[in-house]
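Student: The structure's right below; bear with me while I get my questions together.
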């Protein structure tokens, strides 16, 4: 509730879903709360929107209540003459455009996340296990003084080296026990949260001396990133931004190695590949000022390694602001 009050100008009403002092279920407590909250609101014959479709929602604690269809059944019991309809699409579009306050928090989240990557640049070396590196960057993030202004800061850092980094094309990351070898590509991926707002970040390092192959990959990705950023402005589509980055990767001979979309909406979930706006070759999503998403040109080679550079970007009135420019 305290986070909702911090980021919203609307009235926030809370209820206590469960506790150690009662044997009542969260649903039964919600029933009495909704009954009293809807009195006098003239909702008996209204059209009420609910999230009814599948979605992505990060957990804010080790467990969370999942009401699923029981919430709809409860509302139908309390408001038997109301019409309930899906508002999933409307909510997705509302979540895509951030307020000035939300952008400020997301910028803070990005600044805090940088602490982990700073540590990564120091501790990645041949002979260390992926788990050792992940633990060190996670600890650096969790103990940085940059988070002192936040009520809650938490997240996840992953380390994938050598052939393991080539598997990171999926919307999933996993740290293993592999020992980093000389010349390995080492990918550090992070999803971090600051007062309810999430980042989605990746940086790729080389353990030891960089090879000519790796230098070519890095050059292509840097140019693709720059081209993608130049294309960002209100009224262009997500497919336009994807094309700008992808065409550069193709010109360098890495088109087939760039196996996923160039980005997706970021802010309300740790990793949601369908978050708006979708930066995808077929995306019709039109960019607006205040939208936030990641831009992640990459190249993956099975059995060898993968390289990705993933930033959090905000659309401005005349271009793009890189929130993770480190």
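Residue numbers (the working numbering): 8 to 333. For every residue, glycine included, the Cβ atom is placed at its ideal position computed from N, Cα and C.
Determine whether the beta carbon atoms of residue 89 and residue 50 lie at a separation below 7 Å.
Tutor: yes
Student: Give me the DSSP bridge partner(s) of residue 169.
Tutor: The partner list for residue 169 (beta bridge, DSSP) is empty, contrary to what the question assumes.
Student: Per DSSP, what kind of secondary structure is residue 73 in: helix, strand or coil?
Tutor: coil
Student: Anyone know if the C-beta pair for residue 352 and residue 259 falls short of 7 Å?
Tutor: This structure leaves residue 352 out entirely; the chain is present only between 8 and 333.
Student: Are the region 152–161 and the region 241–251 touching, with three or more C-beta to C-beta distances below 8 Å?
Tutor: The region 152–161 and the region 241–251 do not touch, with fewer than 3 CB-CB distances between them shorter than 8 Å.
Student: Are the CB atoms of residue 171 and residue 278 within a distance shorter than 7 Å?
Tutor: no
Student: Check the DSSP bridge columns for residue 186 and list the partner residues they point to.
Tutor: 136
Student: List the endpoints of the continuous alpha helix (DSSP H) containing residue 305.
Tutor: Element bounds for residue 305: not the alpha helix (DSSP H) but the beta strand (DSSP E), 305–308.
Student: If you check the beta carbons only, do residue 127 and residue 195 fall under 7 Å apart?
Tutor: Yes, the Cβ-Cβ distance between residue 127 and residue 195 is below 7 Å.
Student: With residue 124 and residue 333 assumed to form a contact (beta carbons below 8 Å), what rounded beta-carbon distance in angstroms separates them?
Tutor: 7 Å
Student: Are the region 211–218 and the region 290–300 touching by the rule of at least three beta carbon pairs closer than 8 Å?
Tutor: The answer is no - the region 290–300 does not touch the region 211–218, with fewer than three Cβ pairs under 8 Å.
Student: Give the C-beta separation of residue 273 and residue 319 to the nearest angstrom, bearing in mind that I take them to be a contact with Cβ-Cβ under 8 Å.
Tutor: 5 Å between Cβ atoms; contact.
Student: If residue 34 sits next to residue 91, beta carbons under 8 Å apart, how far is it from one beta carbon to the other, in whole angstroms?
Tutor: Contact flag wrong, Cβ pair sits at about 17 Å.
Student: Compare the C-alpha of residue 233 against each of 221, 280, 255 and 219 and name the closest.
Tutor: In terms of CA proximity to residue 233, 255 leads the group 221, 280, 255 and 219.
Student: With 16 as the cutoff for other CB atoms within 10 Å, does residue 22 come out buried or exposed?
Tutor: exposed
Student: Would the region 92–105 and the region 42–49 be scored as touching if the rule is three or more Cβ pairs under 8 Å?
Tutor: no
Student: Just the C-alpha distance for residue 334 and residue 64, rounded to the nearest angstrom, thanks.
Tutor: With the chain represented from 8 up to 333, any question about residue 334 goes unanswered, as that position is not in the structure.
Student: With a threshold of 16 other CB atoms inside 10 Å of the CB of residue 246, please say whether the residue is buried or exposed.
Tutor: buried
Student: Looking at the strands, I want to know which residues DSSP matches up with residue 315.
Tutor: 305
Student: On the DSSP bridge assignment, give the partners of residue 164 in chain order.
Tutor: 197
Student: Would residue 325 be called buried (16 or more neighbouring beta carbons within 10 Å of its own) or exposed?
Tutor: exposed
Student: Between which two residues does the beta strand (DSSP E) containing residue 56 stretch?
Tutor: 54–57
Student: Whole angstroms is fine: what's the gap from residue 220's alpha carbon to residue 263's?
Tutor: 16 Å
Student: Comparing C-alpha positions only, which one of 66, 116, 78 and 276 sits nearest to residue 55?
Tutor: 78
Student: Would DSSP call residue 87 helix, strand or coil?
Tutor: If DSSP states are grouped into helix, strand and coil, residue 87 belongs with coil.
Student: Rank 315, 327, 139 and 30 by C-alpha distance to the C-alpha of residue 176 and give the top, closest one.
Tutor: Shortest Cα-Cα distance from residue 176 to any of 315, 327, 139 and 30 involves 315.
Student: Just the C-alpha distance for residue 201 and residue 110, rounded to the nearest angstrom, thanks.
Tutor: 12 Å
Student: DSSP three-state label for residue 300, please.
Tutor: strand
Student: When the distance is taken between beta carbons, is residue 62 closer than 7 Å to residue 173?
Tutor: no
Student: Determine the direct distance from the alpha carbon of residue 19 to that of residue 103, and round the result to whole angstroms.
Tutor: 21 Å
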